[in-house]
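**Student:** Numbering (UniProt numbering), first residue to last: 1 to 165. Using N, Cα and C, we set each Cβ at its ideal position, and we do this for glycine too. Here it is: the structure, laid out below.
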Amino acid sequence: MEGGSLWHELETDLPAADVWEVYGGLAIGRLIPQLLPHVLSKVELVEGDGGVGTILLVTFPPQGDSEPRSYKEKFNVIDNEKYIKEAETIEGGFLDLGFRKHLMRIEIVGKEDGKSVIRSTVEYEVDAEHAKNVSLVSTQALASVAEAITKHIKEQKKSPEQATE
Numbered sequence: 001m002e003g004g005s006l007w008h009e010l011e012t013d014l015p016a017a018d019v020w021e022v023y024g025g026l027a028i029g030r031l032i033p034q035l036l037p038h039v040l041s042k043v044e045l046v047e048g049d050g051g052v053g054t055i056l057l058v059t060f061p062p063q064g065d066s067e068p069r070s071y072k073e074k075f076n077v078i079d080n081e082k083y084i085k086e087a088e089t090i091e092g093g094f095l096d097l098g099f100r101k102h103l104m105r106i107e108i109v110g111k112e113d114g115k116s117v118i119r120s121t122v123e124y125e126v127d128a129e130h131a132k133n134v135s136l137v138s139t140q141a142l143a144s145v146a147e148a149i150t151k152h153i154k155e156q157k158k159s160p161e162q163a164t165e
């Protein structure tokens with residue numbers, strides 16, 4: 001068994017509470033396919049209300065044959081005070097590639113100057129016979145999401161009448 005973690009941090013001049021407002025609930029699942037259709041084509045609610053235990057079906061746009069096309073994730077942690085959300089793959093995706101565990105953690109860390117950091121972490125464990133698949137683990141999509149969400153929040157602050165669209 002091989003395991004590890006990768007992380008990405010993006011500093012933003014937005015307050016942590018504003019960033020968490022998007023990341024903390026289901027809004028992010030609606031926004032990513034709109035903002036980054038090349039990253040995710042669809043996010044569907046399978047079960048739950050956005051709280052702990054919620055299950056989503058995440059679908060990727062068509063790509064290479066070797067990559068998974070979809071997976072289900074379950075929210076294991078949602079901490080609205082510390083701004084932490086953890087979602088673990090429970091079906092498909094990396095599990096189909098020999099991984100025992102694939103977990104994503106998002107932490108929104110507020111700074112004293114009113115800015116914040118979006119810290120995205122991926123933790124994984126993979127069977128020894130599938131260790132070559134570790135090269136598929138990346139924070140690139142999470143980094144793209146952090147940048148797109150930050151840009152989206154800034155645009156919404158500039159034009160509040162579009163915030164409800």
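Of all the options Thr12, Leu136 and Gly92, which has the alpha carbon lying nearest to the alpha carbon of Lys154?
**Tutor:** Thr12
**Student:** How long is the line joining the alpha carbons of Asp113 and Ala16, rounded to whole angstroms?
**Tutor:** 11 Å
**Student:** List the residues that DSSP assigns as beta-bridge partners of Val117.
**Tutor:** Glu11 and Val109
**Student:** Anyone know if the C-beta pair for Thr54 and Glu47 falls short of 8 Å?
**Tutor:** yes
**Student:** Are Ser135 and Leu6 closer than 8 Å when you measure CB to CB?
**Tutor:** no
**Student:** Count the other C-beta atoms from every protein chain shown that fall within 10 angstroms of the C-beta of Arg30, then say buried if there are 16 or more, exposed otherwise.
**Tutor:** exposed
**Student:** Give me, in chain order, the residues of the same chain whose beta-carbon lies closer than 7 Å to that of Leu35; leave out the 5 immediate sequence neighbours on both sides.
**Tutor:** Ala148 and His152
**Student:** Using three-state DSSP, classify Lys151 as helix, strand or coil.
**Tutor:** helix
**Student:** Look up Val126 in the DSSP assignment and say whether it is helix, strand or coil.
**Tutor:** strand
**Student:** Does DSSP put Ser138 in a helix, in a strand, or in coil?
**Tutor:** Here Ser138 sits in coil by DSSP.
**Student:** Might you give, ordered along the chain, the residues of its own chain that have their beta carbon closer than 6 Å to the beta carbon of Glu2, omitting 5 neighbours on each side?
**Tutor:** Val126 and Ala131
**Student:** Under a three-way DSSP split, which group does Val52 fall into?
**Tutor:** coil
**Student:** On the three-state DSSP scale, how would you describe Ser41?
**Tutor:** Coil.
**Student:** Based on the DSSP secondary-structure assignment, which residues constitute the bridge partners of Lys72?
**Tutor:** Bridge partners of Lys72: Leu57 and Glu91.
**Student:** Compute the beta-carbon to beta-carbon distance between Asn76 and Gly24, rounded to the nearest angstrom, for a pair I have assumed lies under 8 Å.
**Tutor:** Rounded, the Cβ-Cβ distance is 14 Å, inconsistent with contact.
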